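**Q** Have a look at this one.
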Amino acid sequence: MRTGMTVLLLAFAAGLLAAQPPAKKADGPPPIIIQPNRPGSSPDLPKGAPPGTILITPKGRPTPGADPGTQPVNPQPVAPAVRADGVLYDYWFAAGVDGQLIGYTHWSATQSEKNGRKLLTGTKYQKFTVSRIGNIVSQVGEESTVESAEGEVLVTSFRQGLGTQSLSITGVVDGKVLKVTGEGGAKAASDTPWPPGVIGVAREPLLFKENNQLKPGESFDYLSYVAPINRVVKITVTFEGEETLMLWPNTPPKKLNKYVARMEAIQEFKFPPNTTWTDPLTGEPILIEFKYPPLGGRVTFLRTTQQAALQPIARPLELFNAQSIRLDREIPGIHGRGSVVYKVAMPDDDEPQSAFPSDARQAVKNFDEKAKTFELQVLASHGPIKGGDAEPAPGKEYLGSSFYINWDNDVVKAHAVRAVAGLGPNATDWDKAKSVERWVNQNMKAFEFTQAMATSELVAKTLSGDCTEYAMLAAAMCRANGVPARVVVGLIHAPGRDGKFYLAYHMWTEVYADNQWVPIDATLGMGGVGPGHLKISANSWHDERSIAPLLPMLRVLMAKPKVEVLKVGN
Numbered sequence: 005m006r007t008g009m010t011v012l013l014l015a016f017a018a019g020l021l022a023a024q025p026p027a028k029k030a031d032g033p034p035p036i037i038i039q040p041n042r043p044g045s046s047p048d049l050p051k052g053a054p055p056g057t058i059l060i061t062p063k064g065r066p067t068p069g070a071d072p073g074t075q076p077v078n079p080q081p082v083a084p085a086v087r088a089d090g091v092l093y094d095y096w097f098a099a100g101v102d103g104q105l106i107g108y109t110h111w112s113a114t115q116s117e118k119n120g121r122k123l124l125t126g127t128k129y130q131k132f133t134v135s136r137i138g139n140i141v142s143q144v145g146e147e148s149t150v151e152s153a154e155g156e157v158l159v160t161s162f163r164q165g166l167g168t169q170s171l172s173i174t175g176v177v178d179g180k181v182l183k184v185t186g187e188g189g190a191k192a193a194s195d196t197p198w199p200p201g202v203i204g205v206a207r208e209p210l211l212f213k214e215n216n217q218l219k220p221g222e223s224f225d226y227l228s229y230v231a232p233i234n235r236v237v238k239i240t241v242t243f244e245g246e247e248t249l250m251l252w253p254n255t256p257p258k259k260l261n262k263y264v265a266r267m268e269a270i271q272e273f274k275f276p277p278n279t280t281w282t283d284p285l286t287g288e289p290i291l292i293e294f295k296y297p298p299l300g301g302r303v304t305f306l307r308t309t310q311q312a313a314l315q316p317i318a319r320p321l322e323l324f325n326a327q328s329i330r331l332d333r334e335i336p337g338i339h340g341r342g343s344v345v346y347k348v349a350m351p352d353d354d355e356p357q358s359a360f361p362s363d364a365r366q367a368v369k370n371f372d373e374k375a376k377t378f379e380l381q382v383l384a385s386h387g388p389i390k391g392g393d394a395e396p397a398p399g400k401e402y403l404g405s406s407f408y409i410n411w412d413n414d415v416v417k418a419h420a421v422r423a424v425a426g427l428g429p430n431a432t433d434w435d436k437a438k439s440v441e442r443w444v445n446q447n448m449k450a451f452e453f454t455q456a457m458a459t460s461e462l463v464a465k466t467l468s469g470d471c472t473e474y475a476m477l478a479a480a481m482c483r484a485n486g487v488p489a490r491v492v493v494g495l496i497h498a499p500g501r502d503g504k505f506y507l508a509y510h511m512w513t514e515v516y517a518d519n520q521w522v523p524i525d526a527t528l529g530m531g532g533v534g535p536g537h538l539k540i541s542a543n544s545w546h547d548e549r550s551i552a553p554l555l556p557m558l559r560v561l562m563a564k565p566k567v568e569v570l571k572v573g574n
């Protein structure tokens with residue numbers, strides 16, 4: 005199962021917005037709109053909705069801001085959901101990481117009849133409260149599908165929010181294509197192929213009951229839509245037999261059926277296996293677990309009561325340590341150094357030597373296949389190397405205006421002009437890139453974890469954000485000045501709040517100047533980068549409206565690498 009996976013893609017900026025009405029076919033059934041309840045109001049059809057439009061209002065979601073009480077509640081076993089008033093199931097899960105509570109998931113489904121059509125509506129709502137370097141934010145996500153009585157998905161809806169950033173995606177199935185409409189951070193989301201047999205939110209947990217005749221070692225496959233990457237993927241579920249677990253303190257052990265789900269690789273990235281334990285009689289999910297290093301350990305969703313699931317988060321999970329790699333020692337003056345050689349161990353990755361690219365600034369050497377270790381030599385770079393080897397000319401996508409790096413608008417263009425205003429007519433592309441780096445560094449506001457993965461146009465208006473926004477805006481302004489640019493995902497040497505030193509996940513920019521790709525980092529504004537910047541991948545973000553370009557970073561984080569400093573050069 006996929007419980008938690010969509011919301012756990014932490015780099016995505018998203019929110020809870022009402023879906024836009026999909027277009028009505030002239031000769032087809034009336035359109036369907038999924039619209040959640042709002043506090044103090046009743047759901048209504050949007051103005052201009054075609055006659056016969058079907059309005060679906062997911063039931064059971066708690067009112068945002070509702071106080072679940074201040075006293076801790078111990079999770080207690082609950083009886084299987086009872087079908088009443090159209091409710092197929094109504095599951096509440098307490099979510100935690102290695103025993104530390106982070107939030108909850110509410111997964112429910114109803115059956116109804118609208119305009120003579122029998123429909124199933126499934127809703128999965130999650131809320132996590134986390135902290136990053138002391139900034140506490142709530143991350144919410146909601147998946148919904150409207151399905152026919154036979155389980156065919158008709159409409160999908162996904163809403164996710166992180167702090168002040170939000171997005172929503174609504175998809176209408178039209179034959180072999182999902183027609184997608186996006187809002188907020190997914191405004192320009194594109195249509196995606198839709199093969200037959202995709203399983204929706206309502207039917208997904210029922211698959212265990214449908215496949216309850218499996219013998220240990222036998223499997224079944226199903227297709228599922230993952231909204232943050234806007235793709236349909238195949239999931240293989242293997243029945244591993246019966247297992248006895250003690251789920252709650254001071255209660256007898258319970259016999260459960262154990263299933264392990266594996267999602268197919270996406271761009272060579274593999275999500276962690278997902279283990280689900282179900283009730284042998286009803287097939288209902290009771291416990292779901294998977295390892296997720298980006299949150300620091302094993303994520304658990306334990307079936308419980310609504311009251312227990314909604315208990316407040318007394319101590320938010322700190323993400324910095326979980327999402328950073330501890331160094332064995334500090335490198336004083338790292339950004340002014342000439343080179344560093346690191347030893348990297350990635351025992352949990354099949355091909356660790358391919359996780360970091362080799363280029364003019366860094367090289368992978370001395371790979372030990374048995375130990376899965378290698379040396380990574382990283383050099384400082386402060387501009388094109390005179391007489392350096394020429395690299396292939398970049399394609400037009402490195403100059404184009406795309407969804408995230410959208411420079412073809414008045415506000416980005418105005419900033420781009422200001423940034424290079426002091427340069428003469430003979431200024432080189434590198435001169436322009438350095439001026440952009442300096443301007444962004446001097447004009448952007450302080451770090452703000454609540455603004456994540458915003459478009460360059462939005463960043464240009466707010467001039468606030470973290471390294472992601474610095475990198476995207478710098479790339480957009482370089483392109484607006486005719487300098488090819490791309491965004492780099494990698495690691496940077498950084499101190500933690502505990503006084504220890506880490507390689508923290510970071511984003512910066514590369515520009516093509518004098519026939520070479522060279523780095524700039526507007527977050528630091530130093531006219532290039534030192535050997536404390538370890539590159540994982542670079543991407544143009546051309547025609548990209550999902551977080552897929554961030555998967556290489558997630559791959560490294562999932563592998564739980566260990567990094568030592570072998571040699572530091574002046």
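Going by my numbering, the first residue of the sequence shown is number 5, and it counts up by one from there. Backbone N, C-alpha and C fix where the C-beta goes; we use that ideal spot for every residue, glycine too. What you are looking at is a predicted structure, and each value in this text was computed from that prediction instead of being measured.
In the DSSP assignment, the alpha helix (DSSP H) including Thr466 goes from what residue to what residue?
**A** Taken as a continuous stretch (DSSP letters only), the alpha helix (DSSP H) holding Thr466 covers 460-466.
**Q** Would you tell me roughly how many angstroms separate the C-alpha atoms of Asn78 and Leu260, rounded to the nearest one?
**A** Residue confidence for Asn78 is low, a pLDDT of 40 falling below 50, so the modelled location carries little weight; the figure read from the coordinates is stated next. For Asn78 and Leu260, the distance between alpha carbons rounds to 21 Å.
**Q** Can you give me the C-alpha to C-alpha distance between Trp96 and Glu288, rounded to a whole angstrom?
**A** Their backbone Cα atoms lie some 12 Å apart in a straight line.
**Q** Work out the CA separation of Pro197 and Val241 for me, nearest whole Å.
**A** C-alpha separation (whole angstroms): 23 Å.
**Q** Report the rounded CA-to-CA distance for Trp443 versus Glu373, giving the unit in angstroms.
**A** Using only the alpha carbons, I get a separation of about 45 Å.
**Q** Could you spell out the range, first to last residue, of the alpha helix (DSSP H) harbouring Val444?
**A** Run containing Val444: 433-447, per the alpha helix (DSSP H) assignment.
**Q** Strictly by DSSP, which residues pair up with Glu568?
**A** Looking at the DSSP assignment, Glu568 forms a beta bridge with Lys347.
**Q** For Gly340, count the other beta carbons within 10 Å of its own beta carbon; 16 or more makes it buried, fewer makes it exposed. Which is it?
**A** Flag for Gly340 reads exposed.
**Q** Could you check which residue in Gly531, Arg422, Glu355 has the C-alpha nearest to that of Asn485?
**A** For Asn485, the nearest C-alpha among the options comes from Arg422.
**Q** Is Lys259 close to the ligand GTP? I mean its beta-carbon at under 7 Å from any heavy atom of the ligand.
**A** Among the components of this structure there are no ligands whatsoever, and the ligand GTP is therefore not found.
**Q** Only counting the same chain, and skipping five residues up and downstream in sequence, which positions put a Cβ closer than 6 Å to that of Thr279?
**A** The answer, listed in chain order, is Val264, Glu293.
**Q** With Tyr474 and Met448 assumed to form a contact (beta carbons below 8 Å), what rounded beta-carbon distance in angstroms separates them?
**A** With a Cβ gap of about 6 Å, Tyr474 and Met448 count as contacting.
**Q** Can you name, in chain order, every residue of its own chain whose Cβ lies under 7 Å from the Cβ of Phe371, other than the five neighbours on each side?
**A** Counting only Cβ-Cβ distances below 7 Å, and skipping sequence neighbours, we find Gln357, Phe378.
**Q** Consult DSSP for Thr242 and reduce its assignment to one of helix, strand or coil.
**A** Strand at Thr242.
**Q** Using DSSP with H/G/I as helix, E/B as strand and the rest coil, what is Glu151?
**A** Strand at Glu151.
**Q** To which residues does DSSP link Leu306 through a beta bridge?
**A** Its beta-bridge partners are Ala98, Leu291.
**Q** Indicate the three-state DSSP secondary structure (helix, strand or coil) for Val415 in the structure shown.
**A** Looking at Val415 - three-state DSSP - the assignment turns out to be helix.
**Q** Below 8 Å between beta carbons: does that hold for Gln3 and Tyr509?
**A** Look at the range of the chain in this structure, 5 to 574, and you will see that residue 3 is not part of it.
**Q** Cβ of Val515 within 8 Å of Cβ of Ala464?
**A** No, they are not a contact pair.
**Q** From what residue to what residue does the alpha helix (DSSP H) around Leu495 run?
**A** Not the alpha helix (DSSP H): Leu495 falls in the beta strand (DSSP E), residues 489-499.
**Q** Look up Met511 in the DSSP assignment and say whether it is helix, strand or coil.
**A** Note: Met511 maps to strand in three-state DSSP.
**Q** My guess is that Arg163 and Gly145 are in contact by the Cβ rule of under 8 Å, so how many angstroms apart are they, rounded?
**A** That belief holds up - the Cβ atoms of Arg163 and Gly145 are roughly 7 Å apart, short of 8 Å.
**Q** Is Leu382 near Tyr346, with beta carbons less than 8 Å apart?
**A** It is Val, not Leu, that sits at residue 382 in the sequence shown. Cβ atoms of Val382 and Tyr346: closer than 8 Å.
**Q** Taking Cβ positions, are Ser142 and Lys131 nearer each other than 8 Å?
**A** Yes, Cβ-Cβ distance for Ser142 and Lys131 is below 8 Å.
**Q** Take Arg365 and list the residues in its own chain whose beta-carbon comes closer than 6 Å to its own, dropping the five residues that flank it on each side.
**A** These residues qualify, in order along the chain: Leu383, Ser385.
**Q** So, helix, strand or coil for Thr472, using DSSP?
**A** If DSSP states are grouped into helix, strand and coil, Thr472 belongs with the helices.
**Q** Pull up the DSSP beta-bridge partners for Tyr516, would you.
**A** Trp521, per the DSSP bridge assignment.
**Q** What's the C-alpha gap between Ala99 and Asn119?
**A** About 38 Å.
**Q** Could you tell me the distance, in whole angstroms, from the CA atom of Leu554 to the CA atom of Val493?
**A** Their backbone Cα atoms lie some 7 Å apart in a straight line.
**Q** Would a C-beta distance cut-off of 8 Å place Val134 and Pro320 closer than the cut-off?
**A** Closer than 8 Å, so yes.
**Q** Specify, as a first and last residue, the run of the beta strand (DSSP E) that Glu214 falls within.
**A** Glu214 -> not in any beta strand (DSSP E); alpha helix (DSSP H) instead, spanning 211-214.
**Q** Using beta-carbon positions only, say whether Val205 and Ser148 come within less than 8 Å of one another.
**A** In this structure, Ser148 lies closer than 8 Å to Val205 by Cβ.
**Q** Roughly how many angstroms separate the alpha carbons of Asp414 and Glu548, rounded to a whole number?
**A** Approximately 22 Å between the Cα atoms of the pair.
**Q** Return yes when the Cβ of Ala437 is within less than 8 Å of the Cβ of Ile335, no when it is not.
**A** For Ile335 and Ala437, no; Cβs fall outside 8 Å.
**Q** Based on Cα-Cα distance, which residue from Tyr108, Val424, Val177 lies nearest to Val157?
**A** If we check each option's Cα against that of Val157, Val177 comes out closest.
**Q** Measuring alpha carbon to alpha carbon, tell me which residue in Ser223, Arg235, Asn216 is nearest Asp195.
**A** Comparing Cα positions, the closest option is Arg235.
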